Ligand SMILES: [Zn+2]
């Protein structure tokens, strides 16, 4: 009882000290470290910190692993007949990605396909070297193969040599499917971010329990009225897809200024590492997907209005 009393008196005098000295409160608030999310850290604060970006690979589902650096996704879908890789990161991370594949327990030679989200270097920049190491086929939509071909030979940044670019290999299109070892991916053409954004739906398994996953190859739009209108069509189509439970994000924050609702890849990975038997899977979050695509659709509609205003003003 005495101890309790002593504590409450101590607490009271501390309260009094704070109340009678407002400066103390301000200082304490200033000293508290700003809470930034992992999405912000990897996207902004330490975007160029190469060693920091080299995170350990992790398993998300029975048939889905993350092997990329912190800022750009590289995913593996292992099947009984080999591995499907989604995206390939870029230099200087390509050796790291290949090491991560091995660290995750896989053999590079088992990679049968490398699927490219779209024709930007952060996604296709590792494909040529990983293809050489594995013998995998590299697949993209025709429109973005053209982008990759146009990129080939361009000098690197800051006087560095040009990035290696994969040669046009496998051309997929809307409605195509890819089957490997009992896993099937269904492809979509989702233009906006680039002309040939590639997405796919497939099934992931959480200790045998199936969930519908969507790998969405890029959001937003690249400027221009026609492109903005294209993005509205894409977001409408995405919003109409039924039963999406898991978003396979091409960047750990997925998109938008606030990042993915309820956390991106890295925040969810932290929860997954602490998950107890019987807990829900932190990557299974249909409500977050609905919120995300509803917002993306509203943004796309706003972009069209903005482009129309710009066009009218220029006349
Ligand atoms: Zn991009």
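Residue numbers (our numbering): 760 to 1074.
We put the CB at the ideal spot given by N, CA and C, even for glycine.
Because the structure is a prediction, the values reported are computed rather than measured.
Thinking just about the alpha-carbon of each residue, which of the options is nearest to the one in residue i?
| i | options | result |
| --- | --- | --- |
| residue 846 | 852, 885, 839, 866 | 885 |
| residue 861 | 839, 816, 823, 903 | 816 |
| residue 977 | 854, 893, 949 | 949 |
| residue 1049 | 910, 878, 973, 800 | 973 |
| residue 876 | 887, 853, 900 | 900 |
| residue 879 | 855, 1032, 905 | 905 |
| residue 851 | 891, 825, 810 | 810 |
| residue 892 | 945, 854, 913 | 854 |
| residue 907 | 916, 824, 924, 895 | 924 |
Mind checking whether residue i and residue j have CB atoms under 8 Å apart?
| i | j | result |
| --- | --- | --- |
| residue 812 | residue 832 | no |
| residue 929 | residue 889 | no |
| residue 1015 | residue 939 | no |
| residue 966 | residue 869 | no |
| residue 872 | residue 843 | yes |
| residue 827 | residue 848 | yes |
| residue 882 | residue 1009 | yes |
| residue 987 | residue 1056 | no |
| residue 838 | residue 934 | no |
Along the beta strand (DSSP E) that carries residue i, what are the first and last residues, could you check?
| i | result |
| --- | --- |
| residue 958 | 957-965 |
| residue 1031 | Element bounds for residue 1031: not the beta strand (DSSP E) but the alpha helix (DSSP H), 1024-1032. |
| residue 843 | 841-845 |
| residue 943 | 942-948 |
| residue 971 | 968-974 |
| residue 818 | 817-820 |
| residue 1115 | Residue 1115 lies beyond the residue range present for the chain, which begins at 760 and ends at 1074; the question has no answer from this structure. |
Within the continuous alpha helix (DSSP H) that includes residue i, where are the two ends?
| i | result |
| --- | --- |
| residue 882 | 880-883 |
| residue 1045 | 1045-1073 |
| residue 860 | 853-862 |
| residue 993 | 984-999 |
- Query: Just checking, does the segment 1015-1026 make contact with the segment 980-994 on the three C-beta pairs under 8 Å criterion?
  - Reply: In the pairwise beta carbon analysis, the segment 1015-1026 is classified as not touching the segment 980-994: fewer than three pairs are separated by under 8 Å.
- Could you tell me whether the segment 912-924 touches the segment 950-968, where touching means 3 or more Cβ pairs closer than 8 Å? Cβ pair count under 8 Å is below three, so no.
- With contact counted as at least three CB pairs below 8 Å, one residue from each stretch, are the segment 1055-1062 and the segment 863-881 in contact? No: fewer than three Cβ pairs fall under 8 Å.
- Taking contact to mean at least 3 C-beta pairs separated by less than 8 Å, is the segment 995-1013 in contact with the segment 1045-1056? Cβ pair count under 8 Å is three or more, so yes.
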